[in-house]
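Visitor: Once you've had a glance at the structure underneath, I'll fire off some questions.
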Amino acid sequence: MARFFEIVELTNGDVALRRVDDEEDGDALVRIHFSADAKASLSEHHVDIARVMLEAGVRKVGELSGFDMDDEEFDIDAPSHKVH
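Each residue of the sequence shown is one higher than the one before, starting from 840 at the first, in the working numbering.
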């Protein structure tokens, strides 16, 4: 059974990777927290930066697991909603 993941921006401003089938209050697999200074210097781009960081991590896990992901197979959409 395939596992699907999504990137969401949490209401506290953190960006998280979680399983799609997790409830809204479920634990995220990974959370990225930017300081107020970092957010200010990145303007509106902190979510894009977090997305790239998460994609790199998922690719590395795949590589270490012996699974090569083609660009067509790997697509995590940018966060489209905020959750608690």
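Every residue gets a Cβ at the ideal spot worked out from N, C-alpha and C, and that includes glycine.
(1) Within a Cβ cutoff of 6 Å, which residues of the same chain sit near Phe-843, ignoring the five residues on either side of it in sequence?
(2) Please confirm whether Ala-867 and Ala-875 have their CB atoms less than 8 Å apart.
(3) Could you check what DSSP says for Asp-853 in three-state terms: helix, strand or coil?
(4) Bridge partners of Arg-870, per DSSP?
(5) Which same chain residues end up closer than 7 Å to Ile-888 when comparing Cβ atoms and leaving out the 5 residues on each side of it in sequence?
Guide: In this structure, then:
(1) Val-859
(2) no
(3) Residue state, collapsed to three classes: coil.
(4) Ala-855
(5) Hits under 7 Å: Leu-881.
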